[in-house]
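Student: Sharing a structure, written as structure tokens. Questions coming.
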């Protein structure tokens, strides 16, 4: 499992490495465009349930820590779905790889 480390308070959020790799590229793409946005995801019920929303901007420190040494092969459609969801007022929603096609189908 990997971790997204957010802000000066160093809050850590756990994601599987494959998901975190795709989220990282989507976040970096938006930040390179100087776009701030909300990043949203659901907390699985086996981890207490609920949801998280983080304000992502160039001013907030971020770090991505991966358990695996080798990065996974990236799925362009998954990244496209993440970036597309990031265009909405509600912000980017972390979806699973399986859910990505459903997000893209709603265009």
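In the working numbering, the protein residues as written are 370 to 476. Glycine included, every Cβ here is placed at the ideal spot set by N, Cα and C. The model shown is predicted, which means the values in this text are computed figures rather than measured ones.
1) Which one or two residues does DSSP pair with residue 372 in a beta bridge?
2) Distance check for residue 398 and residue 388, CA to CA, integer angstroms please.
3) According to DSSP, is residue 465 helix, strand or coil?
4) Which one of 378, 474, 396 and 473 has the shortest CA to CA distance from residue 433?
5) Indicate the three-state DSSP secondary structure (helix, strand or coil) for residue 472 in the structure shown.
Tutor: Reading from the atomic positions:
1) 383 and 434
2) The straight-line gap from Cα to Cα measures roughly 16 Å.
3) DSSP places residue 465 in coil when its eight states are reduced to three.
4) With respect to the C-alpha of residue 433, the residue from 378, 474, 396 and 473 having the closest C-alpha is 396.
5) helix
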